[in-house]
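J.:
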Amino acid sequence: MLNSESVKDTMFTLDDVRQWKLPESRWLLVHERLERVAAAARAGDASVLVKATTALELLSPIRGTRLGTEPTVPPPPSVDELVNETLDSLRAATRSTEEDDDRTAD
Numbered sequence: 000m001l002n003s004e005s006v007k008d009t010m011f012t013l014d015d016v017r018q019w020k021l022p023e024s025r026w027l028l029v030h031e032r033l034e035r036v037a038a039a040a041r042a043g044d045a046s047v048l049v050k051a052t053t054a055l056e057l058l059s060p061i062r063g064t065r066l067g068t069e070p071t072v073p074p075p076p077s078v079d080e081l082v083n084e085t086l087d088s089l090r091a092a093t094r095s096t097e098e099d100d101d102r103t104a105d
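Numbered as in numbering that gives the first Met the number 0, the sequence shown ends at 105 without a single skipped number.
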């Protein structure tokens, strides 16, 4: 089951991904790791979600670029779409968890 801390951390990272600028070749890796995050979110597995989010964070851009490196570009549409779908899934899971908590508290 997902917990609020892992969901918040993942949502924060996904929001960051939208701002990243990476070489086109790196976006393929980001997409693969996003798929793992999305699968963990759909499965409701908090431990896998944390691991997948950490792996995604490791692909974040560095602040400086070396001379002669590939030009960086914003996220391609496929990454944007997957980020949006995953955020929607996490929001739905959060609402469901909050509703369960409310019912248990009564």
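Virtual Cβ for every residue (Gly too), placed ideally from N, Cα, C.
Mind checking whether A40 and T85 have CB atoms under 7 Å apart?
T.: Yes; because the gap between Cβ atoms is below 7 Å, this pair is in contact.
J.: Give me the residue from V47, V29, M0, V6 with the minimum Cα distance to L81.
T.: Comparing Cα-Cα distances from L81 to each of V47, V29, M0, V6, the minimum goes to V29.
J.: So what does DSSP say about L13, is it helix, strand or coil?
T.: Helix.
J.: Which whole-angstrom value describes the C-beta separation of T93 and T52, a residue pair presumed to lie in contact below a C-beta threshold of 8 Å?
T.: Not confirmed; about 15 Å, so no contact.
J.: Give the DSSP bridge partners of V72, in chain order.
T.: BP columns for V72 point to L21.
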